[in-house]
Structure formats: structure tokens, C-alpha cells
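Written out below as C-alpha cells is the structure these notes cover.
Residue numbers (my numbering): 3 to 126.
This is the structure we're talking about:
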């Protein structure tokens, strides 16, 4: 099983679905249109519309007219959405920390070096 999928399954929040988590993570960076979010998540716009509808009903995102283009609606994370996201991220981090704590010292050093290499690769 892929590490990212296992992380989602093992640390899944009772509050957020993996798709909702991913959308809130994107919205913490900046406001997006539904189309931008759909493209980012590689799903159809109607599917993203449903996700945004659920997030809006939960009070985790808000919709606002784009001041640059009145035809577009921008989606923004709310304070409650930020709080919910941070809690869910904490659950993921705690799960991963528990798993890393189970590794022996040599494996932790290997993992740390692998993380460094990934950072270097992504910076290039």
C-alpha cells in the first residue's frame, strides 16, 4: 500500500474526508475557484462542487465573488475550517510520529537522510 494512502487511512479524521482535508490544505495557501481546486485534485468540477457544498454547510469554507471577475466565485477557508484542518493535521502527525518512534536508530537515520534527499530533489 502506498505510504500516502496508508497515512490517510490510519490517521483519518472522523471529521474530514481525505478530499476535504486536501481542499482545506490548498485553501490555507490561498483562495481558489472551484475549477482551480478541481484541476488541482484531478477531479471533475461537479465533484468538487459537492465537496465545496459540504465544506460550506459545515462552516469550514466561504464563497465570495471574485473582485477581478464577477463571473467567478472564490472559495476561502474560514476560521473554523482552519481549526478543523489543524486538528486533523495533528492527528496525522501524531500517527506518523508513533510509527517513527517504533523504528530503531539506524532506520530513523536512514529515514532522515531520505527526507533530506527528497527535499534536495524538490528544490532542484
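Ideal placement from N, C-alpha and C gives every residue a C-beta, glycine not left out. As the structure is a prediction and not an experimental result, all values here were calculated from the model.
With 16 other Cβ atoms within 10 Å as the buried cut-off, status of residue i
i: residue 85; result: exposed
Check: residue i C-beta below 7 angstroms from any heavy atom of the ligand FMN
i: residue 69; result: The ligand content of the structure shown is nil, which means the ligand FMN is not present either.
Top-ranked residue by Cα proximity to residue i, from the options
i: residue 17; options: 112, 89, 108; result: 89
i: residue 59; options: 115, 79, 44; result: 79
i: residue 22; options: 72, 77, 71; result: 77
i: residue 44; options: 56, 25, 32; result: 25
Cβ-based neighbour list, residue i, same chain, cut-off 6 angstroms, excluding 5 preceding and 5 following
i: residue 50; result: 36, 39, 40
i: residue 75; result: 65
Cut-off 7 angstroms between Cβ atoms - residues of its own chain near residue i, not counting five sequence neighbours on either side
i: residue 82; result: 61, 62
i: residue 114; result: none
Beta-carbon proximity list for residue i, same chain, < 8 angstroms, skipping 5 on both sides
i: residue 34; result: 28, 42, 76, 77
i: residue 54; result: 25, 36, 39, 63, 65, 77
*asked:* Going residue by residue through the region 10-47, where are the continuous alpha helix (DSSP H) segments of at least 4 residues, counting only ones entirely within it?
replied: 20-31, 36-43
_Under 8 angstroms: do the region 60-74 and the region 93-100 share three or more Cβ pairs, one atom per stretch?_
no
_For a minimum of 4 consecutive residues, which ranges assigned as the alpha helix (DSSP H) are wholly contained in the region 67-107?_
81-103
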